[in-house]
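Residues 3 to 105, numbered by the working numbering, are exactly what the sequence shown covers, in order. Single-structure report; data block below.
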Amino acid sequence: MSLIVAEISLSEIRTSATASYSNTAQPSGSDPQSQGWVCTVANLPAPTNQLTPLQEAMKRVTDSYANAQQSVAQIQRTITTQITQDLSGVATSLKTAVPGVFA
């Protein structure tokens, strides 16, 4: 139960072997091969600069992150300003309440 069973098949490829055929008389004499879908439209539309759905989602996340950073920075500035003003008021109140301490 704990052993892995694998079935493999091997082919020997000789490096010294030579081809037993020569070039065909004409390249079109070889067998046709399918190489996938071929576009036969003569006038293809110009490529657009539209984003893929994944790119659009990433752009929205990036934009939201940038907006959040700006909001957080504004909140930090507001808090810092408010604390500075409050502490300045406390220092002024202490100076007037206890003269001579802050000399």
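Glycine residues also receive a C-beta, built at the ideal position from the N, C-alpha and C atoms.
Original post:
Just the Cα atoms here: how many angstroms apart are R62 and T94?
Top reply: Counted from its first residue, the sequence shown places residue 62 at position 60. Counted from its first residue, the sequence shown places residue 94 at position 92. About 48 Å.
**OP:** Give the secondary structure of V7 by DSSP, where H, G and I count as helix, E and B as strand, and everything else as coil.
**Re:** By 1-based counting over the sequence shown, the position of residue 7 is 5. Secondary structure of V7 (DSSP, three-state): coil.
Subject >> Which of helix, strand or coil DSSP assigns to L12 >> reply: For the purposes of this step, residue 12 is identified with residue 10 of the sequence shown, where counting begins at 1. Of the three classes helix, strand and coil, the one that applies to L12 here is coil, per DSSP.
Subject >> Span separating the alpha-carbon of G91 from that of M60 >> reply: Walking along the sequence shown from the start, residue 91 turns up at place 89. Walking along the sequence shown from the start, residue 60 turns up at place 58. So the alpha carbons of these two residues sit roughly 46 Å apart.
Original post:
Does DSSP classify S73 as helix, strand or coil?
Top reply: Mapped onto the sequence shown, residue 73 falls at position 71. In the three-state scheme derived from DSSP, where H, G and I count as helix and E and B as strand, S73 is classed as helix.
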